[in-house]
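Visitor: Would you mind keeping the following structure in view while I ask a few things?
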Amino acid sequence: PEMKITYATMSADQMETLHRGIDEAIERVKAQLGKTYPMYIDGESIESAEQFEDLSPNDTRIVLARFQKGTADHVRDAVRAARVAAAGWGARSWMERVAIVRKIGDGIRAQRWELAAWMGYETGKNRLECVGDIEEAADFMTYYCDQMEAHDGFCKTMDKLEPNEENTSVMRPHGVWAVISPFNFPMALAASPAGGALVAGNTVLLKPSSDTPRLGLRLYDIATEAGVPPGVFNIVTGPGNSVGQEIAENAGIDGIVFTGSKEVGMMLSRENGGRPAPRPVITEMGGKNPALVMSSADLDKATEGVWRSAFGAQGQKCSACSRVYVAADVCDRFVEELVEKTRKIKIGNPLERDVWMGPVINEAAV
Numbered sequence: 006p007e008m009k010i011t012y013a014t015m016s017a018d019q020m021e022t023l024h025r026g027i028d029e030a031i032e033r034v035k036a037q038l039g040k041t042y043p044m045y046i047d048g049e050s051i052e053s054a055e056q057f058e059d060l061s062p063n064d065t066r067i068v069l070a071r072f073q074k075g076t077a078d079h080v081r082d083a084v085r086a087a088r089v090a091a092a093g094w095g096a097r098s099w100m101e102r103v104a105i106v107r108k109i110g111d112g113i114r115a116q117r118w119e120l121a122a123w124m125g126y127e128t129g130k131n132r133l134e135c136v137g138d139i140e141e142a143a144d145f146m147t148y149y150c151d152q153m154e155a156h157d158g159f160c161k162t163m164d165k166l167e168p169n170e171e172n173t174s175v176m177r178p179h180g181v182w183a184v185i186s187p188f189n190f191p192m193a194l195a196a197s198p199a200g201g202a203l204v205a206g207n208t209v210l211l212k213p214s215s216d217t218p219r220l221g222l223r224l225y226d227i228a229t230e231a232g233v234p235p236g237v238f239n240i241v242t243g244p245g246n247s248v249g250q251e252i253a254e255n256a257g258i259d260g261i262v263f264t265g266s267k268e269v270g271m272m273l274s275r276e277n278g279g280r281p282a283p284r285p286v287i288t289e290m291g292g293k294n295p296a297l298v299m300s301s302a303d304l305d306k307a308t309e310g311v312w313r314s315a316f317g318a319q320g321q322k323c324s325a326c327s328r329v330y331v332a333a334d335v336c337d338r339f340v341e342e343l344v345e346k347t348r349k350i351k352i353g354n355p356l357e358r359d360v361w362m363g364p365v366i367n368e369a370a371v
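The sequence shown runs contiguously to residue 371 in this note's numbering.
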């Protein structure tokens, strides 16, 4: 089987495989820089009156690409297309949907190096973090498909009180889901909610972060190549104060998945688009659980885990370790080892092999 690379990969052989793949992919991505990309609504490429530039945080002189500055009208068009497409997609057998979503996962894996190279340019994350993000996105697709198969499409025979009755629980598609994905995991946290919605028979409107729109569009491309029909998966790029606000207020959206700030997440939870009944809003607004280091801990592993967690992706993630509770009798040794390892972190251009820590995403993050 093919070697699997995750956020925790440390094997020299695995890292060499990663570096070879990324080195080659960077050259391919360089040849693609500076292009202009459309949005996609109902399978059609859409351009808006205005565009915006996507600059690399590694070097803001590099214009990675230009993207469409979508509007509220584009969101409305995408929602209408998704509602029309929902009936046909939801009526397909769950086995057909599983087959298509598995192909999305396969497509992500097949393009892991190029997607990771794009991510390094767009996010400033190091090579390992980028490949881990891509692998996680593909794993989500596989997991959701596995769950559908394990539960027979969530059609389940229930217990009965009388011999002559038959009771069956059948899960049905919910409708149109909007996915508002973040910059820090631009593939995994777009693919996960989109894949879960698609395999269950729902349609999707994706609004990627304006700091990392290229990865969102690549996900759309892969989904289309896998056989997702027009209107089932739509993508609108643009700012939160127009695209995001219309998503919050649009009554045609049946559910929202959001990863980002507490302020926006709480607003989405309160806003109901004027609907008569609440709609599901799944928000992930960050969390800061501490690491616990006990007296019996392997301090080499503990310090390795803490510094990787704390400084991977420049700490711009909910899983970044920002607090450590250490047993008093090992505290001094723990701090000494952690400081020693932290001093060895190389800061620079994350596209380079030996750089662990790159730039933060933009000036506002400083």
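C-beta atoms are modelled at their ideal positions from N, C-alpha and C, and glycine is treated no differently.
Is the stretch 151 to 171 touching the stretch 183 to 190 in the sense that three or more CB pairs, one from each, lie closer than 8 Å?
Guide: Result no; under three Cβ-Cβ pairs closer than 8 Å.
Visitor: Name the DSSP beta bridge partners of residue 212, please?
Guide: By 1-based counting over the sequence shown, the position of residue 212 is 207. Looking at the DSSP assignment, residue 212 forms a beta bridge with 185.
Visitor: Three or more C-beta pairs under 8 Å: does that hold for the stretch 74 to 86 against the stretch 241 to 252?
Guide: yes
Visitor: Please classify residue 62: is it buried, with 16 or more other beta-carbons within 10 angstroms of its beta-carbon, or exposed?
Guide: Counted from its first residue, the sequence shown places residue 62 at position 57. Burial call: buried.
Visitor: Could you tell me which whole alpha helix (DSSP H) segments of length 4 or greater appear in the stretch 274 to 336?
Guide: 304 to 316
Visitor: With DSSP collapsed to three states, give me the class of residue 12.
Guide: Position 7 of the sequence shown holds residue 12. Here residue 12 sits in coil by DSSP.
Visitor: May I ask you to report which of helix, strand or coil DSSP gives residue 177?
Guide: Numbered from 1 along the sequence shown, position 172 holds the residue referred to as residue 177. Here residue 177 sits in coil by DSSP.
Visitor: Which residue comes first and which comes last in the alpha helix (DSSP H) that contains residue 203?
Guide: In the sequence shown, the residue the question calls residue 203 occupies position 198. Going by DSSP, residue 203 is part of the alpha helix (DSSP H) stretching over 193 to 204.
Visitor: Who does residue 150 pair with in a DSSP beta bridge?
Guide: Residue mapping note: residue 150 aligns to position 145 of the sequence shown, counting from 1. Answer by DSSP bridge pairing: none, since residue 150 is not bridged.
Visitor: What's the call for residue 166, buried or exposed, on a 16-neighbour Cβ count within 10 Å?
Guide: By 1-based counting over the sequence shown, the position of residue 166 is 161. Exposed, since its Cβ has fewer than 16 Cβ neighbours within 10 Å.
Visitor: I'd like the list of long-range same chain contacts for residue 161, defined as Cβ closer than 6 Å, with 5 residues on each side in sequence excluded.
Guide: Residue 161 sits at position 156 when you count from the first residue of the sequence shown. Same-chain partners within the cutoff: 174.
Visitor: Do you know offhand how far residue 140's Cα is from residue 327's?
Guide: As a working mapping, residue 140 is identified with position 135 in the sequence shown. As a working mapping, residue 327 is identified with position 322 in the sequence shown. Rounded to whole angstroms, the gap between the alpha carbons of residue 140 and residue 327 is 25 Å.
Visitor: Going by other Cβ atoms of all chains shown within 10 Å of its Cβ, with 16 needed for buried, is residue 98 buried or exposed?
Guide: Within the sequence shown, the letter at position 93 stands for residue 98. Around the beta carbon of residue 98, fewer than 16 other beta carbons sit within 10 angstroms, so the residue counts as exposed.
Visitor: For residue 134, count the other beta carbons within 10 Å of its own beta carbon; 16 or more makes it buried, fewer makes it exposed. Which is it?
Guide: Looking up residue 134 in the sequence shown gives position 129. Its Cβ being crowded by 16 or more others within 10 Å, residue 134 is buried.
Visitor: On the DSSP letters alone, give me the boundaries of the alpha helix (DSSP H) that residue 250 sits inside.
Guide: On the sequence shown, position 245 is the one that residue 250 refers to. Start and end: 250 to 254.
Visitor: How big is the Cα-Cα spacing for residue 93 and residue 231?
Guide: Counting from one through the sequence shown, the residue named residue 93 turns up at place 88. Counting from one through the sequence shown, the residue named residue 231 turns up at place 226. Residue 231 has its alpha-carbon roughly 17 Å from the corresponding atom of residue 93.
Visitor: On the DSSP letters alone, give me the boundaries of the beta strand (DSSP E) that residue 56 sits inside.
Guide: Within the sequence shown, the letter at position 51 stands for residue 56. 56 to 61 is the extent of the beta strand (DSSP E) around residue 56.
Visitor: With three or more beta-carbon pairs closer than 8 Å as the criterion, would you say the stretch 120 to 136 touches the stretch 96 to 110?
Guide: no
Visitor: Mind checking who residue 73 pairs with in its DSSP beta bridge?
Guide: Taking the first residue of the sequence shown as 1, we reach residue 73 at position 68. Residue 73 pairs with 56.
Visitor: Would the C-beta of residue 210 count as close to the ligand GDP, meaning under 6 Å from any of its heavy atoms?
Guide: Looking at this structure, you won't find the ligand GDP or any other ligand, since it has none at all.
Visitor: Can you tell me which of the three DSSP states residue 66 falls into?
Guide: Here residue 66 is taken as the residue at index 61 of the sequence shown, counted from 1. Note: residue 66 maps to strand in three-state DSSP.
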